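Numbering (the UniProt record's numbering), first residue to last: 3 to 220.
Ideal Cβ placement from N, Cα and C applies to all residues, glycine included.
Treat the numbers as computed from the prediction; the structure is a model and nothing was measured.
Down below is the structure, laid out as structure tokens.
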Ligand code: G6P
Ligand code: MG
């Protein structure tokens, strides 16, 4: 039976995608090329350095590692400015309610995010107390679709992977959940998340009953 819910952060609990986009776009502007919102879709769920590589390929630019590190740090300083101003109003609809429902029903909760900025976002939005374990980009060495982040989450909660359900908005995250041996609820549309066991537009449509139905299907 399901004992734990593991949550991605960006795009599942908070809408930080817009801040990532603004910061990447600013970098592209400085480097002299156009970076569209459509290009930005490819960066969702992808680690910071891998995102930079995708961005640079859009601009058809190549740099050495030292320069790339500098560019990634520049982007992150702008992104950090945005998330420093976040508060609880930027929690996505239904997220807080569902986290509370999980805990009221005896389910453990963990964060499973690629972001190295996760703690700043969780603390500024007031979400930190709702997690039994927090695994973020400072704990992992392998990016999604590698299952590392979710396996570390299960381990921290002392539950086995088949007792976990992952909530993800990115295709790479759905794959990471499956490679971890966990089922996955996709947050968003079936276009990108088709492989998830259940897809809902947002956590507002998610209930403990639907979670149990998911378990019955497995
Ligand atoms: C999440 C986001 C990505 C972001 C990554 C790393 O997966 O969806 O857009 O690039 O985290 O975030 P960071 O805050 O460490 O740059
Ligand atoms: Mg995400």
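Nearest residue (CA-CA) to residue 21, options 11, 85, 106 and 30: Per the Cα distances, 85.
Open item on the list: Given this structure, state the Cα-to-Cα distance separating residue 81 from residue 25, to the nearest angstrom.
Closed with: Cα-Cα distance, rounded: 6 Å.
On the criterion of 16 or more Cβ atoms from any shown chain inside 10 Å, does residue 65 qualify as buried, or is it exposed?
The residue is exposed, with fewer than 16 neighbouring Cβ atoms inside 10 Å.
Could you check if residue 10 belongs to the surroundings of the ligand MG, using beta carbon to heavy atom distance under 7 Å? Under cutoff, so the answer is yes.
Q) Where residue 67 and residue 54 are concerned, what is the direct C-alpha to C-alpha distance, given to the nearest angstrom? A) Rounded to the nearest whole angstrom, the C-alpha separation of residue 67 and residue 54 is 11 Å.
Leaving out the 5 sequence neighbours to the left and right, which residues in its chain are closer than 8 Å to residue 30 when beta-carbon positions are compared?
Cβ neighbours of residue 30 beyond the five flanking positions: 36, 37, 57, 60 and 61.
Measuring only from the beta carbon, is residue 47 closer than 7 Å to any heavy atom that is part of the ligand G6P? With a threshold of 7 Å, the Cβ atom of residue 47 counts as near the ligand G6P, since some heavy atom of the ligand is closer than that.
_Let me confirm a value: residue 142 is counted as buried when at least 16 other C-beta atoms fall within 10 Å, else exposed. Which label applies?_
Of the other Cβ atoms in all chains shown, 16 or more fall within 10 Å of the Cβ of residue 142; this residue is therefore buried.
In the DSSP output, which residue or residues are listed as bridge partners for residue 188? Paired residue(s): 170 and 201.
Q. Helix, strand or coil: which one does DSSP assign to residue 151?
A. Here residue 151 sits in helix by DSSP.
- Message: Any heavy atom of the ligand G6P inside 7 Å of the beta-carbon of residue 116?
- Response: At least one heavy atom of the ligand G6P is nearer than 7 Å to the Cβ of residue 116, so yes.
Kindly examine the ligand G6P and report whether one of its heavy atoms sits closer than 7 Å to the Cβ of residue 139.
The answer is yes for residue 139.
Option nearest residue 203 by Cα separation, candidates 73, 213, 167 and 187:
If we check each option's Cα against that of residue 203, 187 comes out closest.
Q) Is residue 176 near the ligand MG, judged by its Cβ being under 7 Å from some heavy atom? A) Of the heavy atoms belonging to the ligand MG, none sits nearer than 7 Å to the Cβ of residue 176.
Can you tell which of 169, 49 and 32 has its C-alpha closest to the C-alpha of residue 63? Residue 63 has its Cα closest to that of 32, out of 169, 49 and 32.
Can you confirm whether the region 129-137 touches the region 108-119 when touching is taken to mean that 3 or more C-beta pairs between the two stretches lie within less than 8 Å? A contact is defined here as three or more CB-CB pairs under 8 Å, and the region 108-119 meets this definition with respect to the region 129-137.
Decide yes or no for the touch test of the region 86-100 against the region 68-76: beta carbon pairs closer than 8 Å, at least 3 of them. No contact exists between the region 86-100 and the region 68-76.
Margin query: Please classify residue 51 as buried or exposed, where buried requires at least 16 other C-beta atoms within 10 Å of its C-beta.
Written below: Flag for residue 51 reads exposed.
Can you tell me the Cα-Cα spacing of residue 199 and residue 193, whole angstroms?
For residue 199 and residue 193, the distance between alpha carbons rounds to 14 Å.
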